[in-house]
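Only one structure is covered here, and it is reproduced in the block below.
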Amino acid sequence: MPQTDVLVIGSGIAGLSFAIKMATSFPELTVTIITKSGDSESNTKYAQGGIAVVLDELKDSFDKHIADTLRAGDGLCDRDIVESVIKEGPQRLEEIMSWGVSFDVDDAGNLALGREGGHTAERIIHYKDITGWQIEKSLLHHVSRLPNIKVLPHHFSLDLITEHQFKQKIVRPQPGITCYGAYVMDQQTCKIEKFLSKVTVLATGGCGQVYRTTTNPTIATGDGVAMAYRAMASVKEMEFIQFHPTAFYSVDDNPAFLITEAIRGFGAYLRNKSGERFMFRYDERAELASRDIVAQAIDNELITSGNECVFLDCTHLNKDELIAKFPNIYEKCLEKGIDITKQLIPVAPAAHYQCGGIEVDKAGRTTLNNLYACGECARTGLHGANRLASNSLLEAIVYADRCYKDIKDRIASIEMATDIPDWDAVGTLVPREQILITHNQKELRSLMSDYVAIVRSNERLERSLKRVDLMYHETEKLYDKAVLSPQLCELRNLITIAFLIIRQSIQRKENRGGFYNVDLVQ
């Protein structure tokens, strides 16, 4: 039975930066990081843009960044959270740079600042167009130097351990539901063990794979949110799924290749099939409007024209500078037969970011005792109805720090649980037909993409809810009798995520930010 002082589920920027701080401050404690794929596979790895931080006080200010964030969030941000996160940004940036994370610099040797949609100043710190990859690589290297951190790749977290999951009575040291760790499957041996911990931190990323087209990696199946919901933690605002306006249009790619909006900040234009720069018809900021506005504009262009994509035009930009700033995009597009210096890039919106999630307070505490959440799986109040570009990595490092600071003051007083039952696998059988799992996942992704995407309606939501309820009962019946596999567990989690998105979409009675229901238009 594995035991660890601190259990971290997820190996992106949030989980890794938290683990580094915890392990460095408490070398006598053990920190275990569970990740269901390789240790570097995370949403962080695929972040192209960067981190939004105010550094140039002559051309920028905290007040400007706060105003931009509030405007993007369309009135649903928690202003106190927005102000505090943005003001902590420079200090948290300095910390990760001290761990070896590097960013692009200008000719004077200062950090190079870029601009993206929704921002009124240049404040995006980046590393070419592969910022996430640089951060992930550097943090993993730093983690490898800390002997009290154990990273367990290819371990799938099935469920959180709480009182309500079993009949035995556990002594309750505090009122409410308490998390005692997680049941985890070693994917190489298929053995399921209970990982007991004093505190558990969910840093499991997003849920983009609930949609047919997404920029998220295949691991982004909403596992943390689904586990927390089953454990009766509060989950809020899942209706706000942000669609990135510009993913490379291809019917076969999963994940879809993201074309960062930093390229629009650099001067690229959006054009429809007729060659028109159509964004001026939707917003005075044109291509630099916030993501929700650009995505809805593109969606409308496609619906009214019947076309499958619009185009990103970089042909008027300086060729050498374009390639130098976006080498990964240049190479990837060449592989797909597009020279971005001469040809237009076909693009369409793709599911990109989960703005809601597990409700946490300003310290990263969930509504369950000893369970914390940070990164994309957490609903902090920063994003409101629509995330401002490059605020996600900022939020991740700030809330990882907040979780660390709260836990370090409490961990000495938390006792490890005892008498936790083993995982019950009695009577389970290997499913005879794996097609039931793969078919339901394909059907779910199509249902969500066609009915619960950028534009929704009451009828589509009600129909979706009925079908998802049926899929839930089908899958639970299989889950109760089958020998578990990661594929079955991911399907179960995706169905939970779909249910939360649909139900909370039905509950929302006004259009805000990334949420748009045609039946709510006045």
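In numbering that gives the first Met the number 0, the protein residues as written are 0 to 521. Every residue gets a Cβ at the ideal spot worked out from N, C-alpha and C, and that includes glycine. Bear in mind the structure is a predicted one, so any value in this text is a computation, not a measurement.
### Query
Is Ala261 near Gly113, with beta carbons less than 8 Å apart?
yes
### Task
List the whole-angstrom C-beta distance separating Asp400 from Ser456, where the pair is believed to meet the contact cut-off of C-beta under 8 Å.
The Cβ separation is near 41 Å, so there is no contact.
### Task
Might you give, ordered along the chain, the residues of its own chain that have their beta carbon closer than 8 Å to the beta carbon of Leu464, omitting 5 neighbours on each side?
Phe498, Ile501, Arg502 and Ile505
### Query
Considering only the beta carbon of each residue, do Glu419 and Tyr248 sit closer than 8 Å?
The amino acid occupying residue 419 in the given sequence is Ile; Glu does not appear at that position. Taking 8 Å as the Cβ cut-off, Ile419 and Tyr248 do not qualify as a contacting pair.
### Limits of the beta strand (DSSP E) - the one that Asp128 falls within
Neither: Asp128 is in no beta strand (DSSP E) and is coded neither H nor E.
### Query
Counting only runs that start and end within the segment 171 to 228, where is the beta strand (DSSP E) found for 3 or more residues in a row?
180 to 185 and 190 to 201
#### Entry: Coil, strand or helix - Asp105 by DSSP
coil
### Task
Throw me the rounded Cβ distance for the Asn368 and Gly512 pair, which I believe falls under 8 Å.
That pair is no contact at about 32 Å.
### Simplified DSSP state of Val142, which is helix, strand or coil
helix
### Message
So within the segment 326 to 411, which uninterrupted alpha helix (DSSP H) runs reach at least 4 residues, ignoring any that extend past its ends?
### Response
326 to 334 and 390 to 407
### Task
Consult DSSP for Leu443 and reduce its assignment to one of helix, strand or coil.
helix
### Message
By alpha-carbon positions, which one of Met447, Asn385, Leu15 and Thr245 ends up nearest to Ile148?
### Response
Leu15
### Message
Is it buried or exposed, Val467, if we count other Cβ atoms within 10 angstroms and call 16 or more buried?
### Response
buried
### Query
Pick from Gly207, Arg122 and Leu490: whose alpha carbon is nearest that of Ile65?
Arg122
### Host beta strand (DSSP E) of Pro244 (start-end)
Ile240 to Phe247
#### Entry: Cys402, buried or exposed, once every other Cβ within 10 Å from all chains shown has been counted against 16
buried
### Task
With a 10 Å radius around its C-beta and 16 neighbouring C-beta atoms as the bar for buried, classify Cys76 as buried or exposed.
buried
### Query
Between which two residues does the beta strand (DSSP E) containing Lys480 stretch?
Per DSSP, Lys480 belongs to no beta strand (DSSP E); it is in the alpha helix (DSSP H), Asn457 to Lys480.
### Task
With DSSP as the reference, label Lys508 as helix, strand or coil.
coil
### Message
Does the beta-carbon of Lys235, which I'm using as the reference point, lie nearer than 7 Å to any heavy atom of the ligand ATP?
### Response
Absence of the ligand ATP from the depicted structure is noted, as is the absence of any ligand whatsoever, leaving it without description.
#### Entry: Where the alpha helix (DSSP H) containing Thr303 begins and where it ends
Arg290 to Ser304
#### Entry: Inter-residue Cα distance where the pair is Val142 and Leu392
18 Å
### Message
Tell me the rounded alpha-carbon separation between Lys127 and Ile337.
### Response
20 Å
### Task
For Asp73, I'd like the list of residues in its chain whose CB is within less than 8 Å of its CB, leaving aside the five on either flank, ordered along the chain.
Asp291, Gly383, Ala384, Asn385, Arg511 and Gly512
#### Entry: C-beta contact flag for Leu159 and Met237 at 8 Å
no
### Message
Let me make sure I understand the geometry here. Which of Ala255, Cys189 and Leu287 has the alpha-carbon closest to that of Val526?
### Response
No information on residue 526 is available, as it lies outside the stretch 0 to 521 that the chain covers here.
### Message
Please classify Phe279 as buried or exposed, where buried requires at least 16 other C-beta atoms within 10 Å of its C-beta.
### Response
exposed
### Message
Taking 8 Å as the threshold (C-beta atoms), are His243 and Ala377 in contact?
### Response
no
### Query
Alpha carbon to alpha carbon, what distance is there between Ile258 and Ile328?
7 Å
### Query
Excluding the five sequence neighbours on either side, which residues of its own chain have a C-beta within less than 6 Å of the C-beta of Val53, listed in chain order?
Asp59, Phe61, His64 and Arg122
### Between the CA atoms of Val183 and Pro485 - distance to the nearest angstrom
11 Å
### Query
Would you report the Cα separation of His351 and Lys476, rounded to the nearest angstrom?
31 Å
### Message
Quick check on the DSSP output: the beta strand (DSSP E) that includes Phe155 runs from which residue to which?
### Response
His154 to Leu159
### Query
According to DSSP, is Tyr268 helix, strand or coil?
strand
### Query
Opposite Asp312 in the DSSP bridges: which residues?
Tyr268
### Task
Classify Asp319 as helix, strand or coil using the three-state DSSP reduction.
helix
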